[in-house]
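For the sequence shown, the working numbering assigns the number 1060 to the initial residue and increments by one for each residue that follows. Structure first, commentary second.
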Amino acid sequence: MRYVLRLLTALLSVLACAAPSAAQQYPSRVVTIIVPYPAGGPTDQLARVLAPALSDKLGQNFIVENVSGGATAIASGRVARAAPDGYTLLLHNLQISANVSLYHNLPFDTEKDLTPVIFINNNPLVLIGRKTLEPNTLKELIAYMQTNVVKMAHPGVGATGHLATSLFAQEAHVTVDHIPYRGAAPALQDIAGGHVDLFFATPQSVVQPVGSGQMKAYGITAKEPSPQFPTAASFVQELGPKLEILYWHALFAPAGTPDAIVEKLNSVLQEIMADAAILKSWAKSGVAPYPKDQRSPAAARALLKSEIARWSQVIRDNNIQASMQ
1060 MRYVLRLLTA
1070 LLSVLACAAP
1080 SAAQQYPSRV
1090 VTIIVPYPAG
1100 GPTDQLARVL
1110 APALSDKLGQ
1120 NFIVENVSGG
1130 ATAIASGRVA
1140 RAAPDGYTLL
1150 LHNLQISANV
1160 SLYHNLPFDT
1170 EKDLTPVIFI
1180 NNNPLVLIGR
1190 KTLEPNTLKE
1200 LIAYMQTNVV
1210 KMAHPGVGAT
1220 GHLATSLFAQ
1230 EAHVTVDHIP
1240 YRGAAPALQD
1250 IAGGHVDLFF
1260 ATPQSVVQPV
1270 GSGQMKAYGI
1280 TAKEPSPQFP
1290 TAASFVQELG
1300 PKLEILYWHA
1310 LFAPAGTPDA
1320 IVEKLNSVLQ
1330 EIMADAAILK
1340 SWAKSGVAPY
1350 PKDQRSPAAA
1360 RALLKSEIAR
1370 WSQVIRDNNI
1380 QASMQ
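Shown next, in the form of structure tokens:
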């Protein structure tokens, strides 16, 4: 009996030392950051900023692999099924929290099979309109929409822009004509061409056309107006806190990844998020780092749970049904 107790004690000691040792040695080979979109979009661009910075900090190559398709489920599922050793990571955004309720046949459980490492940055959305649209302010626009059904473009059924459009219509008590597109680029082209009326866009995608007068900016889904869009009112101030919509990015690892490795990645990413050059670049694009008090792995888990609940409610309230096809 004493021998068994000594053996168990020794085994527990070995296990207790294993996690710190794994973290100290991590990474000892190439780490892959999977992006669930084609190259060129905002999530991919962020990954290509983070990968070399992580490589410099940790002394091993971090590479970006684009795995698009299946409404981002292919990439997310691959990471969910990967070995929980920190060598396969997922960079995703707000969409992963909405997908839980949009798609009931996901081949993984987002909360059980993935571990959020850190929420990295976020940006509000800007409601832009064709330049010939009659209203000039958000208040005028909402009043106009009480008696006119406008055509609101979005990047596809279930996409963040679709959710924002539905929430706006719900809170403003207006009816809109939803016009789905395959991505933001063609929707922006049709706004510029005057073929549709309104569209929720990322700030970085519309700073130039709004500034040059090709489009109007009516509102921003933040608590305060933005100096980048002086004509855009705060949706929160006009319609209430439900219209604070922050399009965020977060890094995920497979569930079961040792806490020590998660903490190491979190710590290094917090250093990268404080880099002056990166912060300056983000600021130009209307992007902000996540607040310091919301950067821990525990905070990330709580934020993910909160976002899943939030968008589940919006999807139910608006009877949004999407397909992976």
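Using N, Cα and C, we set each Cβ at its ideal position, and we do this for glycine too. As the structure is a computational prediction, the values presented were derived from the model and not from experiment.
{"Asked": "Within a Cβ cutoff of 7 angstroms, which residues of the same chain sit near lysine 1323, ignoring the five residues on either side of it in sequence?", "Found": "Ala1082 and Tyr1085"}
{"Asked": "Alanine 1291 and proline 1284: beta carbons closer than 8 angstroms?", "Found": "yes"}
{"Asked": "May I have a chain-ordered list of the alpha helix (DSSP H) segments no shorter than 4 residues that lie completely inside the segment 1086-1138?", "Found": "1101-1117"}
{"Asked": "Are any of the Cβ atoms in chain D nearer than 8 angstroms to that of leucine 1200?", "Found": "Here there is only one protein chain, and chain D is not present."}
{"Asked": "So, is proline 1317 buried or exposed, given that buried needs 16 or more other C-beta atoms within 10 angstroms?", "Found": "buried"}
{"Asked": "Entirely within the segment 1271-1295 and at least 3 residues each: give me those beta strand (DSSP E) ranges in chain order.", "Found": "1274-1279"}
{"Asked": "Alpha carbon to alpha carbon, what distance is there between lysine 1116 and alanine 1223?", "Found": "37 angstroms"}
{"Asked": "Using 10 angstroms around the beta-carbon of arginine 1137, count the other beta-carbons present and answer buried if the total reaches 16, otherwise exposed.", "Found": "buried"}
{"Asked": "Roughly how many whole angstroms lie between the Cα atoms of glycine 1188 and arginine 1241?", "Found": "19 angstroms"}
{"Asked": "Just to confirm the assignment, what range does the beta strand (DSSP E) spanning tyrosine 1203 have?", "Found": "That residue, tyrosine 1203, is in no beta strand (DSSP E); its alpha helix (DSSP H) goes 1197-1204."}
{"Asked": "Measuring alpha carbon to alpha carbon, tell me which of Ile1179, Asn1377, His1213 and Phe1227 ends up nearest leucine 1197.", "Found": "Phe1227"}
{"Asked": "To the nearest angstrom, how far is the alpha carbon of lysine 1282 from that of glutamate 1303?", "Found": "7 angstroms"}
{"Asked": "Taking DSSP as the reference, what is the three-state secondary structure of isoleucine 1379?", "Found": "coil"}
{"Asked": "Less than 8 angstroms between the C-beta atoms of threonine 1169 and isoleucine 1155, yes or no?", "Found": "yes"}
{"Asked": "Give the list of continuous alpha helix (DSSP H) stretches no shorter than 4 residues that lie fully inside the segment 1236-1274.", "Found": "1243-1251 and 1262-1270"}
{"Asked": "Look up leucine 1163 in the DSSP assignment and say whether it is helix, strand or coil.", "Found": "Note that residue 1163 is histidine in the sequence shown, not leucine. Here histidine 1163 sits in coil by DSSP."}
{"Asked": "Drop a sphere of 10 angstroms on the beta-carbon of glycine 1100, count the other beta-carbons inside from all chains shown, and report buried for 16 or more, exposed for fewer.", "Found": "buried"}
{"Asked": "Work out the CA separation of arginine 1354 and alanine 1398 for me, nearest whole Å.", "Found": "Absent from the structure is residue 1398, since the part of the chain shown begins at 1060 and ends at 1384."}
{"Asked": "Between the alpha carbons of phenylalanine 1025 and phenylalanine 1311, how many angstroms are there, rounded?", "Found": "There is simply no residue 1025 to check, as the chain begins at 1060 and stops at 1384 in what is shown."}
{"Asked": "Between the C-alpha atoms of glycine 1220 and methionine 1383, what's the straight-line distance to the nearest angstrom?", "Found": "17 angstroms"}
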